[in-house]
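Okay, structure coming up:
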């Protein structure tokens with residue numbers, strides 16, 4: 007008897023995707039899953055680059071020569087967790103974008119992402135040289151609704167002064183994109199390409 011798979015259920019891609027597809031040929035593997043997401047981004051970098059341009063409002067020329075770099079962060083002590091960042095995009099010598107993707111966002115994911123951000127910044131420093139003024143952005147795509155903060159398409163977090171709201175220079179910018187809220191831009195003609203691209207995720 008063929009096993010029925012609930013398409014709305016979150017599955018463990020590392021152990022069950024092949025079985026799910028074999029037993030249910032109509033099951034569509036979400037692009038947001040770890041393997042497919044990394045493959046698409048690295049095989050078709052212009053796709054993720056265009057999403058970044060539209061989401062962050064940056065000049066396309068600033069990212070056209072971007073490339074993915076080594077994503078393993080060093081283990082400094084035996085007690086440290088080994089950290090593998092999903093995707094790290096080198097935009098310029100002073101600019102990096104870390105791209106992450108989740109089906110659901112948990113407090114543990116946020117803690118891990120915060121650790122990633124500062125570990126990457128530290129890794130990019132060179133012994134014997136002055137500290138590099140690095141512009142670092144972490145872009146996190148989340149498939150399902152985000153329940154840990156305001157429910158909207160894009161949440162941007164920076165380090166700010168409480169009274170003046172001034173951003174502390176050279177600190178990470180963390181951007182969470184809730185794909186469940188992509189309909190916010192459904193009727194915005196200027197965002198039509200972005201809308202369809204995010205729907206694919």
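Residue numbers (my numbering): 7 to 207. Note that the Cβ used here is the ideal one computed from N, Cα and C, for glycine as well.
Simplified DSSP state of residue i, which is helix, strand or coil
| i | result |
| --- | --- |
| residue 105 | strand |
| residue 201 | helix |
| residue 98 | strand |
| residue 206 | helix |
| residue 141 | strand |
| residue 192 | coil |
| residue 173 | strand |
| residue 46 | helix |
Outcome for residue i when other beta-carbon atoms lying within 10 angstroms are tallied against a minimum of 16
| i | result |
| --- | --- |
| residue 174 | exposed |
| residue 98 | exposed |
| residue 131 | exposed |
| residue 34 | exposed |
| residue 71 | exposed |
| residue 155 | exposed |
| residue 135 | exposed |
| residue 31 | exposed |
| residue 43 | buried |
| residue 193 | exposed |
| residue 183 | buried |
| residue 50 | exposed |
| residue 104 | buried |
| residue 124 | exposed |
| residue 83 | Summary for residue 83: the model assigns pLDDT 44, below 50, so the residue's position carries little reliability; its value from the coordinates is reported in the next sentence. Residue 83 comes out exposed. |
| residue 122 | buried |
| residue 149 | buried |
| residue 178 | buried |
| residue 143 | buried |
Residue i: first and last residue of the uninterrupted alpha helix (DSSP H) it sits in
| i | result |
| --- | --- |
| residue 60 | 51-62 |
| residue 121 | 113-129 |
Presumed contact (8 Å Cβ cut-off) between residue i and residue j, rounded CB distance
| i | j | result |
| --- | --- | --- |
| residue 75 | residue 119 | So it is not a contact: roughly 18 Å between Cβ atoms. |
| residue 115 | residue 159 | Not really, about 18 Å apart at Cβ, beyond 8 Å. |
| residue 204 | residue 185 | 6 Å |
| residue 38 | residue 112 | About 15 Å; that fails the 8 Å criterion. |
| residue 176 | residue 140 | 6 Å |
Span of the beta strand (DSSP E), counted from its first residue to its last, around residue i
| i | result |
| --- | --- |
| residue 159 | Neither: residue 159 is in no beta strand (DSSP E) and is coded neither H nor E. |
| residue 132 | Taken as a continuous stretch (DSSP letters only), residue 132 belongs to no beta strand (DSSP E), as it is neither H nor E. |
| residue 181 | 179-184 |
Bridge partner(s) assigned by DSSP for residue i
| i | result |
| --- | --- |
| residue 93 | 105 |
Proximity test, residue i beta-carbon vs the ligand MN heavy atom, cut-off 6 Å
| i | result |
| --- | --- |
| residue 175 | What this structure holds is no ligand at all, so the ligand MN is not there to describe. |
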